[in-house]
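Sequential numbering of the sequence shown, starting at 180, is according to this note's numbering.
C-beta atoms are modelled at their ideal positions from N, C-alpha and C, and glycine is treated no differently.
All remarks here apply to the structure that follows.
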Amino acid sequence: MRFNVLASGSSGNSTLISTGKTSVLIDCGLSARELAKRLESVGSSVDKLDAILITHEHSDHIRGLKTLIKNPSIRIYISPIALKSSILKDSFNLNLGEPLKAGQAFEIGDLTIFPIKTPHDSVDPLVFRIENCGVKMAVVTDLGYIPSSVAYELKGCDALVLEANHEIDMLRVSSYPWATKQRILSQVGHLSNKEMARFLQEDFDGKANYLVLAHLSEQNNHPEIARLAALEALSSQTPLFATLNEQKVSIAKAGSPLGWIDL
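Below, the structure is given as structure tokens:
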């Protein structure tokens with residue numbers, strides 16, 4: 180199994196996971212044209228997709244769906260509640276997979292998918308743990324904090340794509356409206372560098388060989404600040420986390436694919 184974060188940020192989110200037999204996207208928050216361009220740039224294409232998994236109904240996670248649902252070979256997996264609140268609510272002839280429900284695992288080809296409930300200000304927010312032949316990875320973004328229930332489901336993962344949205348002090352002095360700041364800082368907002376680091380210090384089991392920091396705010400964070408927060412948190416746990424060295428902590432970008440990570 181391998182994965183590639185095609186885009187990550189408020190302008191759009193999408194992660195490609197492939198085994199050679201099965202290819203799925205987690206979210207498609209780019210326009211269909213841009214998504215096709217990025218898929219081609221990493222050696223894939225829309226026609227090779229088996230399914231799209233939707234974490235929640237916010238536009239930066241479903242922007243391309245209106246066009247992609249016209250491809251009959253792609254099955255769409257989404258929570259029924261999220262579907263009713265999404266841009267797809269009035270669409271017909273959707274090629275829907277089984278309804279997503281937290282805690283209920285299902286299979287797509289040779290991938291096993293585990294939906295996990297998270298705290299975020301959407302109608303039914305989920306993140307996903309993906310398994311193939313004993314290898315596990317998870318994409319964990321768009322949550323205000325990491326509760327113990329989520330931390331438990333992340334144990335044993337070989338790779339984590341983990342939100343590091345903002346540096347709290349940068350957000351507080353930013354030009355964002357006060358209401359927006361309060362939303363982001365809330366327990367149903369977005370994960371700060373501080374909460375990301377707390378998870379790595381207190382709840383991370385050290386199994387993952389790869390950590391990708393994702394959904395960074397362009398205005399309220401900086402890649403090196405987020406990366407330093409993660410490395411400092413990990414270094415406090417050495418030698419337990421010696422496998423997660425500096426080279427294996429990377430930053431997902433909004434404007435271009437991360438590159439393939441093989442597990």
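Which residue marks the beginning of the alpha helix (DSSP H) containing residue i, and which one marks its end?
i: I241; result: S238 to I241
i: A405; result: P402 to S414
i: S328; result: S327 to E332
i: T194; result: Run containing T194: none in the alpha helix (DSSP H); it sits in the beta strand (DSSP E), S193 to S197.
i: K462; result: It is not possible to answer for residue 462, since the shown part of the chain is limited to 180 through 442.
i: M349; result: I347 to R351
Using 8 Å as the cut-off, classify the Cβ of residue i as near or not near the heavy atoms of the ligand FAD, replying yes or no.
i: I241; result: Ligands are entirely absent from the displayed structure, and the ligand FAD is therefore not among its contents.
Identify which residue in the options has its Cα closest to the Cα of residue i.
i: S301; options: G243, W439, S396 and P259; result: P259
i: I295; options: S414, A433, T234 and R362; result: T234
i: K280; options: A186, W439, V306 and G335; result: V306
i: A198; options: M180, N192, D206 and L390; result: Per the sequence shown, the amino acid found at residue 198 is Thr instead of Ala. For T198, the nearest C-alpha among the options comes from M180.
i: E277; options: I231, I325, G313 and D239; result: I231
i: S327; options: L379, F285 and H237; result: L379
i: G446; options: A330, G335 and S365; result: The first residue shown for the chain is 180 and the last is 442, placing residue 446 beyond what the model contains.
i: C207; options: F182, S238 and W439; result: S238
i: A284; options: L370, L390, D303 and R308; result: R308
i: L341; options: V391, N399 and G385; result: V391
i: I257; options: E236, P251 and S202; result: E236
i: V318; options: Y331, A338 and H299; result: A338
i: I430; options: N372, Y355, K386 and M349; result: N372
i: S396; options: H345, D384, P356 and H240; result: H345
i: D382; options: A405, Y324, V352 and Y355; result: Y324
i: R242; options: D226, G222, N250 and L209; result: L209
i: A343; options: K360, A358, Y355 and A376; result: A376
i: Q416; options: D441, Y389, D384 and L228; result: D384
i: D321; options: P298, A330 and Y331; result: P298
Is residue i helix, strand or coil when you go by DSSP?
i: D441; result: strand
i: A261; result: helix
i: K315; result: strand
i: K296; result: strand
Can you tell me where the beta strand (DSSP E) with residue i in it begins and where it stops?
i: F378; result: Not the beta strand (DSSP E): F378 falls in the alpha helix (DSSP H), residues N372 to E381.
i: K432; result: Unbroken run through K432: none, as it is neither H nor E.
i: N311; result: L305 to N311
i: Y389; result: Y389 to A393
i: E342; result: A338 to E342
i: V302; result: Looking at the DSSP string, V302 is not in any beta strand (DSSP E), and its letter there is neither H nor E.
i: S202; result: S202 to I205
i: V184; result: R181 to A186
i: Y256; result: R254 to Y256
i: E286; result: F285 to I287
Complete runs of the beta strand (DSSP E) confined to the region 208-250 [at least 3 residues] = 230-232
Stretch pair the region 427-439 + the region 212-232: three plus CB contacts closer than 8 Å = yes
Are at least three pairs of beta-carbons, each pair with one atom in the region 189-196 and one in the region 399-413, less than 8 Å apart?
-> Result no; under three Cβ-Cβ pairs closer than 8 Å.
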